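Novice: Mind looking over this structure? Questions follow.
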Amino acid sequence: MNKYTKIISTTFLIVLSYVALAQDTELYVNNVNSGEGARPKVLIIFDNSGSMSNIVPGTQPSYDSSIIYNPQGSINSTRLYWSKSGTPPSENSSEYILVDSNRCASSQGTLNTTGFYTDFSRVWRANKEGKLRWRSVSNNSGTRNSSFIDCYRDYEDQIATNPGSPAQADGYPLSKNSGPYTINHGSSNAKWNSNRTFFTANYMNWYHDSSLGTDRKRIDIAKDVVTNIIGSNPNVDFGMMVFNHNGSGKPSGGRVVRKIDEDMTMAQRDSLKTMVNSLTPFTWTPLCETLYEAYRYFGALGVYYGDDDPLRTPLRDMMAENDGTYISPMGDCQQVYVILMTDGEPTYDTNANGLIGNLPGIGPVSGNRLDELAGWLYANDLDGDSTNGIQRVVTYTVGFTSDQTLLSDTAEKGGGRYYTADSASELSDAFQSALNEILQTDTTFTSPAVAVNSFNRSRSLDDVYIAMFRPQVGPRWAGNLKKLTINSTGTLVDANGVAAIDPATGSIKDTAQTVWSTSPDGGSVLEGGVGALLAARDPSTRVLKTNTGSESALEMFNTSNSNLTNSHFGVATTAERDALINWVRGVDIDDEDEDGSDTDTRPWIVGDPLHSRPLVLNYGARPGYTISNPDMRILMGTNHGVLHMFGASDGAENWAFLPKELLTINDKLRTNASSDAHLYGVDGSTIAYVYDQNNDGTISGSSDKVYLYVGLRRGGNAYYALDITNPDNPIFKWRIDASSTGFSELGQSWSTPIITKIPGFSGPVLVISGGYDTNKDLKGVVGTADSEGRGVYIVNALTGTLIWSATPAANSAINLQVSDLTDSVPSTVSVIDSNSDSLSDRIYFGDTGGNVWRIDMPGNSLPTSSQNTWSMFKVASLGGTTSSTDRRFFNQIDIVQTRSGSLDYDALALGSGNRSHPNNTTVNDRFYMLRDTLTKTAYYGAGGLAVPTTLIEADLYDATSNVIQNGNASEKTVAVDALAVKNGWYIALERSGEKSMSASLTLDGTVYFTTFAPDSSILTCVPVPGEGYLYAVDLHEATAVFEWDSSTSDITKEDRTVSVGGRLPDSVTPHFGEDQVRIIGVGAGEQGKGSYDTGSALTTLGIYWYQETQ
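Residue numbers for the sequence shown follow the UniProt record's numbering, beginning at 1 and rising by one.
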């Protein structure tokens, strides 16, 4: 009887990944001086037209804090009321705090005069398990009964005073057990991300008293509202424009009468309020012309309309310009805001039409150009300099006693919002609502800048699964998984069959609708995909399992599991343990969405798959499926300590496994303190062993098996094995770590296991490297010898027991001592079957010291304790002891059994690059091809063949300059002869800091590999990963293969490489199409398809196939 066993790895499930590498969070998070601490900048365009003198009958009088207004409803003078929107709550609202609990010193004077105050605020209150921390101001008893509410302004201005009762010593909010305050400003760690507006009871009584009414001019109402807004929003910097006279033969447009002051002081606010109160209604209404002048102000252009009305008060602000050119208030990477308030339609407002129509790319314009101009200001970078980020304008409009389609269109196109107001209270509400929205959007002042997202990809058949992550402040990063399709031309398309990749960025288009989504979700991590499906799901329906049972059997992860103890979570009480379990399951116990409910689903559950590539498994025609519509499942680990399985057809989570050893990270994930670093969980990539007894493509019956293996990478030093033969019922098989017998050398479990068969052992085995030693994380230090991770292990795939290893430990029946192996081995190993007997008899790998090693496993039996049948030696030593030669190998070696002329050799292709410090620019990294001419597996050492001399870089041909292809006839001859006597070649990676970050792929004699060069610009609005590059070179001579550089008609050195955009490049991964092989996972690809054509017509072949006879 013949039966076939299929071993599937992520290699030929075609996995792609825009992976972040090692401690490569430095690529995604940094502190940005130009953005951090910057307040939102708002330019108010104040309508001072003649119609503003019109009377609004029966409106509220101006709020006067010296008047005690009549009580309304249940409003209580001992309370301060609050709202998220900026609009006062109802007179019977439970959204309040106690006046005595207000510790925000910055708010006291403003509340006493204007009656309301807006700031980012936190309240010291307990959660369900009684743990006191600074939390969001929410509509619950914890907020209402708290004795401490504080504000960002006090923290930012270092005001340590804490008013209120009972007396509280000076200090700043501290969200720890030792809180609520610390006198050390640098230790304060509250998360200032909840913007609230607070109202005194007296203001509430005034606001809700419908009996108050008087006839008032529109401009008087607007003055009151605007001056109050300026004084009550200390986290916003304001400026102001007004209209010029306009009219026939009169000055057109508007002028800047107060520039936007950076970090506006109270004196500057008072001065602006005085100016507002001095305004008189006189002009026409040139809305569009004034916004055009605002554009010139923001864009640092020459004054145009701003000096046309030089004698009218208030005078133009000469501090806003220099020699007739505006000084832009916009900083790098910033957007500014316009709030345009008007009581009427535009009049005498056509003078700027021609100027606006000539703006580059504005498109067709008609009628009043106000809305088109606002749209252009929102869509374009005003200074045209892409190196300093995007400076754009967001426009809000307020129609005061005027409801206009033009104002609505203007706000919509300008990225803002349109408000209408017919009274003093409504006008105040409109302004404050706009500011609250701005404050919630523009949060750079509280956060280190983070790249919006990055993503990696996994592919199977014609479906592409995109695993994404969003770097965030604190340890908790969001993740997602989305689905696209690749069509017959190699184009990645969305659910509607539309090209999904943006040719300019290489990322998913904003307009794309990925397959599991019901509306366009694009590349946003926090929209669509499995993340949105899980956020919409009832947490009680999730199937979560953990290994707390007898012999680590899987049990349900819920509060009923008595084997889940407090110690698993690192907490002291059962209440804390239960709360964490529910939080992990997805219950919003901390009311993160601030909707007043702590029993609904958290806003986002899926964690970041920073290094974990998704694995796609095909279970075939199981019940309910067919061969043409098979049961496909996707597995993905995240750094929330979770391994998920999702259904490929609908994106629904089938189950998730939470290793009990990782549960302690959840307390920090839940707290998510901004001072805490990113955490790691199931950070490694999965691999599956699939045994299909009758080779029918369907996993069914008692004999078929599917076993899953995963390491933790940065999450720890363990490997896990699960039996997932039934994809809906995982079973725990085994776990190994450094404490397991024979594995004391195991470091962080970076390598993806290789599943194969070896001589002398009948079953499948895993070959894993020794792992990574964090000793190599040190920056600015040439690599030193490691104390762990130095070796290779061969493991029984079914039981997890050690079969054989090669480490510095003493010889034994299961270990070969290799005393000169001094550097850790994080890379995935490579195996080769040199004699085609379906057994892997050779292993290759590189280490973090820049060395390449070879293990020979000849014969048909395992070694004995004498360890004199299998051997290991150093093939090459390519690292050095200086900062420029400190080369390290993290990538799997690409092995090609080949021939050049009459020479047979095994080509070993690999590149150097430090994954633990991708921004390093001091090392001169290389890409190598080593010729191993010892193609026969044998024992090397005493009693066997002589150990060959270790290669060094001088033994290799320097192919960097590409003389073989581009030299003259004589130079080419010399170069070819020089290469012939060398043991391979290398290409120096010549860009600053350029390094190899992933394994290469060889197709039809062409080696494809990617590199990464860190960004060297000073400005980083958000962390820019740098530039990625795709190389294609001839395997034997390192010459260019494609004409990628269009600057010349000849193939030259420059044609070796093409930029794949500002990103860490994806792994080089093939898609075997009907017509040819394409490379995917490399940014935009050719013509924005998301792929590159190779011209190869190879067919897809399984890498690990063997036949077993019984």
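Even glycine gets a Cβ: it sits at the ideal position worked out from N, Cα and C.
Keep in mind that this is a model prediction, so the values were computed, not measured.
Helix or strand or just coil, what does DSSP make of threonine 638?
Specialist: Taking the sequence shown and counting its residues from 1, the one referred to as residue 638 is at position 638. Note: threonine 638 maps to strand in three-state DSSP.
Novice: Identify which residue in Leu951, Arg915 and Met632 has its Cα closest to the Cα of lysine 779.
Specialist: Locating residue 779 in the sequence shown gives position 779, where the first residue counts as 1. Of the listed residues, the one whose Cα sits closest to lysine 779 is Arg915.
Novice: Any Cβ of chain C within less than 8 Å of the Cβ of asparagine 914?
Specialist: Looking at the structure shown, chain C is missing, and only one protein chain is on hand.
Novice: Can you tell me where the alpha helix (DSSP H) with tyrosine 155 in it begins and where it stops?
Specialist: Numbered from 1 along the sequence shown, position 155 holds the residue referred to as residue 155. Residues 152-156.
Novice: Which partner residues of histidine 1071 appear in the DSSP bridge assignment?
Specialist: Residue mapping note: residue 1071 aligns to position 1071 of the sequence shown, counting from 1. Paired residue(s): Arg1078.
Novice: Suppose the cutoff is 6 Å on Cβ atoms and the five residues either side in sequence are ignored; what does the same chain contact list for glutamine 867 look like?
Specialist: On the sequence shown, residue 867 is found 867 positions in, with the first residue counted as 1. The answer, listed in chain order, is Asn811 and Leu816.
Novice: Quick one: residues in its chain with C-beta nearer than 6 Å to the C-beta of valine 852, no 5 flanking neighbours on either side, listed in chain order?
Specialist: On the sequence shown, residue 852 is found 852 positions in, with the first residue counted as 1. The answer, listed in chain order, is Gly846, Val875 and Ala876.
Novice: May I ask you to check if the CB of serine 138 is nearer than 7 Å to at least one heavy atom of the ligand GTP?
Specialist: Within the structure as shown, the ligand GTP is missing, as the structure has no ligands at all.
Novice: Which first and last residues belong to the alpha helix (DSSP H) in which tyrosine 295 is found?
Specialist: As a working note, residue 295 is residue 295 in the sequence shown. Counting along the chain, the alpha helix (DSSP H) containing tyrosine 295 begins and ends at 287-298.
Novice: Taking only the alpha-carbon atoms, compute the straight-line gap between glutamate 437 and isoleucine 159 and give it to the nearest angstrom.
Specialist: Taking the sequence shown and counting its residues from 1, one reaches residue 437 at position 437. Taking the sequence shown and counting its residues from 1, one reaches residue 159 at position 159. Whole-angstrom Cα-Cα distance: 26 Å.
Novice: Indicate the three-state DSSP secondary structure (helix, strand or coil) for asparagine 322 in the structure shown.
Specialist: Against the sequence shown, residue 322 aligns to sequence position 322. Asparagine 322 falls in the strand class under three-state DSSP.
Novice: Quick one: using the 10 Å Cβ neighbour count with 16 as the cut-off for buried, is arginine 899 buried or exposed?
Specialist: Position 899 of the sequence shown, counting from 1, holds the residue named residue 899. Exposed, since its Cβ has fewer than 16 Cβ neighbours within 10 Å.
Novice: Would you call the region 109-122 and the region 232-241 in contact, with 3 or more CB pairs under 8 Å?
Specialist: These segments touch.
Novice: Taking C-alpha atoms, which residue in Thr1094, Thr1069, Gly1073 and Gln1076 lies nearest to valine 1082?
Specialist: Start at 1 with the first residue of the sequence shown, and residue 1082 comes out as number 1082. Checking every option, the nearest Cα to that of valine 1082 belongs to Thr1069.
Novice: Tell me whether the beta-carbon of proline 826 lies closer than 8 Å to the beta-carbon of tryptophan 750.
Specialist: In the sequence shown, the residue the question calls residue 826 occupies position 826. In the sequence shown, the residue the question calls residue 750 occupies position 750. For proline 826 and tryptophan 750, yes; Cβs fall inside 8 Å.
Novice: I'd like to know whether the C-beta atoms of residue 1145 and proline 614 end up nearer to each other than 8 Å.
Specialist: With the chain covering 1 to 1110 only, the question about residue 1145 has no answer from this structure.
Novice: Hey, how far is the Cα of arginine 887 from the Cα of glutamate 990?
Specialist: The residue given as residue 887 occupies position 887 in the sequence shown. The residue given as residue 990 occupies position 990 in the sequence shown. Distance between the alpha carbons of arginine 887 and glutamate 990: 14 Å.
Novice: Enumerate in chain order the residues of its own chain whose CB-to-CB distance from phenylalanine 198 is below 6 Å, with the five nearest sequence positions on each side excluded.
Specialist: What you label residue 198 is simply residue 198 of the sequence shown in a count that begins at 1. Same-chain partners within the cutoff: Leu80, Trp82 and Tyr117.
Novice: Nearest-angstrom Cα distance between threonine 1052 and valine 1033?
Specialist: Numbered from 1 along the sequence shown, position 1052 holds the residue referred to as residue 1052. Numbered from 1 along the sequence shown, position 1033 holds the residue referred to as residue 1033. Near 11 Å, if we compare the C-alpha coordinates of valine 1033 and threonine 1052.
Novice: So which of Pro364, Tyr707, Ser883 and Val123 has the shortest CA-CA distance to glycine 800?
Specialist: Translated into the one-based positions of the sequence shown, residue 800 becomes position 800. It is Tyr707.
Novice: Compare the C-alpha of leucine 534 against each of Ala478, Asn835 and Thr489 and name the closest.
Specialist: For the purposes of this step, residue 534 is identified with residue 534 of the sequence shown, where counting begins at 1. Among Ala478, Asn835 and Thr489, the Cα nearest to that of leucine 534 is on Ala478.
Novice: Could you tell me the distance, in whole angstroms, from the CA atom of glutamate 953 to the CA atom of threonine 869?
Specialist: The residue you call residue 953 lines up with position 953 of the sequence shown. The residue you call residue 869 lines up with position 869 of the sequence shown. Their backbone Cα atoms lie some 30 Å apart in a straight line.
Novice: How many angstroms separate the CA atom of threonine 1057 from the CA atom of serine 912?
Specialist: What you label residue 1057 is simply residue 1057 of the sequence shown in a count that begins at 1. What you label residue 912 is simply residue 912 of the sequence shown in a count that begins at 1. If you take the alpha carbons of threonine 1057 and serine 912, they lie about 17 Å apart.
Novice: In three-state terms, what does DSSP make of alanine 451?
Specialist: Here the question's residue 451 lines up with position 451 in the sequence shown. Summary for alanine 451: the model assigns pLDDT 34, below 50, so the residue's position carries little reliability, and this model does not support an answer.
Novice: When you compare only the Cα positions, how much space is there between threonine 59 and arginine 269?
Specialist: The sequence position of residue 59 within the sequence shown is 59, counting from 1. The sequence position of residue 269 within the sequence shown is 269, counting from 1. For threonine 59 and arginine 269, the distance between alpha carbons rounds to 27 Å.
Novice: Can you tell me which residues form a DSSP beta bridge with proline 173?
Specialist: Here residue 173 is taken as the residue at index 173 of the sequence shown, counted from 1. DSSP output for proline 173 lists Tyr181 as bridge partner(s).
Novice: When the Cβ atoms of the region 570-590 are set against those of the region 694-710, are three or more pairs found closer than 8 Å?
Specialist: Touching, no.
Novice: In angstroms with no decimal places, state the Cα-to-Cα distance between glutamate 592 and threonine 548.
Specialist: Within the sequence shown, the letter at position 592 stands for residue 592. Within the sequence shown, the letter at position 548 stands for residue 548. Cα to Cα, glutamate 592 sits roughly 29 Å from threonine 548.
Novice: For serine 428 and glutamine 72, I'd like the C-alpha separation in whole angstroms.
Specialist: Here residue 428 is taken as the residue at index 428 of the sequence shown, counted from 1. Here residue 72 is taken as the residue at index 72 of the sequence shown, counted from 1. Computed Cα separation, rounded: 19 Å.
Novice: Sort Gln897, Ala969 and Asp955 by Cα distance to tyrosine 986 and report the nearest one.
Specialist: As a working mapping, residue 986 is identified with position 986 in the sequence shown. When only C-alpha atoms are compared, the closest one is Asp955.
Novice: Grouping DSSP H, G and I as helix and E and B as strand, with all else coil, what is leucine 1035?
Specialist: Here residue 1035 corresponds to residue number 1035 of the sequence shown, with the count starting at 1. In the structure shown, leucine 1035 sits in coil (DSSP, three-state: anything other than H, G, I, E or B).
Novice: For serine 507, I'd like the list of residues in its chain whose CB is within less than 6 Å of its CB, leaving aside the five on either flank, ordered along the chain.
Specialist: In the sequence shown, counting from the first residue as 1, residue 507 sits at position 507. Excluding residues within five positions, the ones whose Cβ falls inside 6 Å are Gly523.
Novice: On the premise that histidine 640 lies in contact with leucine 669, defined as a C-beta separation below 8 Å, what is that separation, rounded to the nearest angstrom?
Specialist: Locating residue 669 in the sequence shown gives position 669, counting from the first residue. Locating residue 640 in the sequence shown gives position 640, counting from the first residue. Leucine 669 to histidine 640, Cβ: 6 Å. Contact.
Novice: Reducing DSSP to helix, strand and coil, say where leucine 359 ends up.
Specialist: Stepping through the sequence shown from its first residue, residue 359 is reached at position 359. Leucine 359 falls in the coil class under three-state DSSP.
Novice: Tell me which residues share the same chain as serine 824 and place their Cβ nearer than 8 Å to its Cβ, disregarding the 5 neighbours each side in the sequence.
Specialist: Numbered from its first residue, the sequence shown carries residue 824 at position 824. Around serine 824: Gly747, Gly770, Gly771, Tyr772, Asp773, Asn775, Lys776, Asp786, Glu788, Gly789, Arg790, Asp847 and Thr848.
Novice: CA-CA distance, proline 623 and aspartate 704?
Specialist: Along the sequence shown, one-based indexing puts residue 623 at 623. Along the sequence shown, one-based indexing puts residue 704 at 704. If you take the alpha carbons of proline 623 and aspartate 704, they lie about 15 Å apart.
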